[in-house]
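Under the working numbering, read the sequence shown as residues 2 to 165, first letter to last. For each residue, glycine too, the CB sits at the ideal point set by N, CA and C. These figures come from a predicted structure and were not determined experimentally.
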Amino acid sequence: MTDLTPATDTQPLWAYLRYRVNRDIAAALAWFGEKWRQSLLFKLVAAAVGAFLVIWIAVFVWLASDLPEADALLTYETPLPSVVRGVDGEIVHSYARERRVQLQYADFPEQLIEAYLAAEDKTFFSHGGVDIFGTLNAVFDYASKMGSGERAVGGSTITQQVAK
């Protein structure tokens, strides 16, 4: 059997697959060569696709150069605690690099809660997590101060900050 003839029942499967792959690649290359000779649009599209692939690979290599080594990821410890809770919701164990004490809402003094809300989100108890008027105010304030160097007000609520 040659590379140009199909396999028979007595020949192995790999020989037939090699024949099919060679035939299909040859047909694809012939089609590409014919289109390349005939069409300027095809040349432009092929050049654009090639340029896109080169840029995509360059961006990937550039982004991947900042990634940590795999061995460093195996020994990484997050500074934030990982909390394991039981079926009833109670904390079973907490894994952390630092010792932190977790407080319940009732453990915080009322004056501390009011001071935090006054500074961060005055309408915390009256909106459902998104303060539409606060967001619109932040957009208009940002637009009015754009380019002046002044700091604009924030528009996110405590709920949005926690979700982020």
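{"Check": "Going by alpha carbons, who is nearest to Pro80 out of Asn23, Val22 and Ala97?", "Outcome": "Ala97"}
{"Check": "Would you identify the three-state DSSP class for Arg86, choosing helix, strand or coil?", "Outcome": "strand"}
{"Check": "Cα separation between Thr136 and Thr158?", "Outcome": "9 Å"}
{"Check": "If I measure Cβ to Cβ from Gly156 and keep anything under 6 Å in the same chain, skipping five residues before and after, which residues do I get?", "Outcome": "Gly135, Thr136 and Ala139"}
{"Check": "Have a look at Arg19 and Arg38 and give me their C-alpha separation to the nearest angstrom.", "Outcome": "28 Å"}
{"Check": "Between the C-alpha atoms of Thr76 and Pro69, what's the straight-line distance to the nearest angstrom?", "Outcome": "11 Å"}
{"Check": "By how many angstroms is the C-alpha of Ala119 removed from the C-alpha of Gly129?", "Outcome": "17 Å"}
{"Check": "Nearest to Ser162 by alpha carbon, out of Asp122, Leu74 and Glu78?", "Outcome": "Looking at the sequence shown, residue 162 is not Ser but Gln. Ranking the options by Cα distance to Gln162, first place goes to Asp122."}
{"Check": "Hey, could you find the ends of the beta strand (DSSP E) Ser95 is sitting in?", "Outcome": "Ile92 to Tyr96"}
{"Check": "So, is Asp132 buried or exposed, given that buried needs 16 or more other C-beta atoms within 10 angstroms?", "Outcome": "buried"}
{"Check": "In whole angstroms, give me the CA-to-CA distance for Ala27 and Val60.", "Outcome": "32 Å"}
{"Check": "Val64 by DSSP, collapsed to three states: which one?", "Outcome": "First, the residue type needs correcting, since residue 64 is Leu and not Val in the sequence shown. Residue state, collapsed to three classes: helix."}
{"Check": "Ser127: which of Lys36, Ser40 and Thr160 sits nearest, CA to CA?", "Outcome": "Thr160"}
{"Check": "Of the choices Arg100, Glu99 and Ser83, whose alpha-carbon is the least far from that of Ile92?", "Outcome": "Ser83"}
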